[in-house]
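Worksheet: the structure to be examined is printed underneath.
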Amino acid sequence: MGERRQARIAAFQALYAWEESGETVESLLAFNWLDNKPEEPVLVFASLIIKGTLDNVDRIDREIRSNLKKWSFERLSRVDLAILRIAAYEIIFQEDIPPTVTIDEAVEISKKFSSPDSYKFVNGVLDGIRKANLS
1 MGERRQARIA AFQALYAWEE SGETVESLLA FNWLDNKPEE PVLVFASLII
51 KGTLDNVDRI DREIRSNLKK WSFERLSRVD LAILRIAAYE IIFQEDIPPT
101 VTIDEAVEIS KKFSSPDSYK FVNGVLDGIR KANLS
C-alpha cells in the first residue's frame with residue numbers, strides 16, 4: 001500500500017476518533033493511537049489532512065450537506081462522514097492533487113471500512129463537491 005493511501009487511512013481514523021470521542025487535535029497528531037507508527041512521510045501527509053480538515057470543518061460540512069441527495073447530514077454514518085471530510089478537504093484545498101485521485105482513494109477506503117454499498121454514495125457526494133469546486 002502506498003504512503004499516501006496509508007496517510008489517508010490514518011487521517012480517516014483520526015477524524016473518526018475526533019467525531020466519536022472528541023479527541024484533541026494534539027492527541028490525534030501525536031499518532032499514539034496507532035499500533036504501528038508509519039514512516040515519517042505518511043505521518044506528515046496524514047497530519048496535513050487532519051489539521052486541514054479540522055481547521056476547515058465548517059466549510060467542508062457545508063459542502064457535504066449541499067451535495068447530499070435525499071439524505072440528511074445527521075443520518076450519515078460516522079465512518080462515511082470521516083471519509084467524506086478528508087476527501088472533501090483534499091478536493092477543495094489541495095490543488096496539487098487531482099480530484100479524481102482523491103475520489104478514487106476515498107472510494108477504496110470506503111470499500112474497506114464502510115458498508116458494502118457506501119462507496120457508491122461516497123463517490124456521488126464527492127463528485128458533486130468536485131463539480132462545485134472546479135476552478
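So the sequence shown is residues 1 to 135, counted in the numbering used here. Note that the Cβ used here is the ideal one computed from N, Cα and C, for glycine as well.
If we ignore side chains and look at the alpha-carbon of each, how far apart do residue i and residue j end up?
i, j, result
"K69", "K111", "21 Å"
"R59", "N36", "32 Å"
"Y119", "E108", "7 Å"
"V42", "G2", "9 Å"
"S21", "L28", "11 Å"
Compare the Cα-Cα distances from residue i to each of the options and report the closest residue.
i, options, result
"E39", "A88, S118, A7, N123", "A7"
"D61", "G52, F73, I50", "F73"
"V122", "R78, T53, L54", "R78"
"T53", "P41, A88, P98, G128", "A88"
"S114", "W18, A82, R65", "A82"
"E90", "K120, N133, D80", "N133"
"E95", "R130, A30, S21, T24", "R130"
"F45", "W33, V57, I97, S27", "I97"
"I86", "L34, S27, N56", "N56"
"G128", "L84, F31, A17, R5", "L84"
When DSSP labels each residue in this structure, what does residue i get in the three-state scheme?
i, result
"W33", "coil"
"K111", "helix"
"K70", "coil"
"L149", "Here the chain has residues from 1 to 135 only, and residue 149 is not among them."
"T102", "helix"
"L137", "Not covered by the structure: residue 137. The range shown for the chain is 1 to 135."
"N133", "coil"
How should residue i be labelled, buried or exposed, when 16 other C-beta atoms within 10 angstroms of its C-beta is the threshold for buried?
i, result
"T102", "buried"
"S66", "exposed"
"D80", "buried"
Decide if the stretch 4-18 is in contact with the stretch 42-50; the criterion is three or more beta carbon pairs, one per stretch, under 8 Å apart.
-> Here the stretch 4-18 makes contact with the stretch 42-50; the two share three or more CB pairs at distances below 8 Å.
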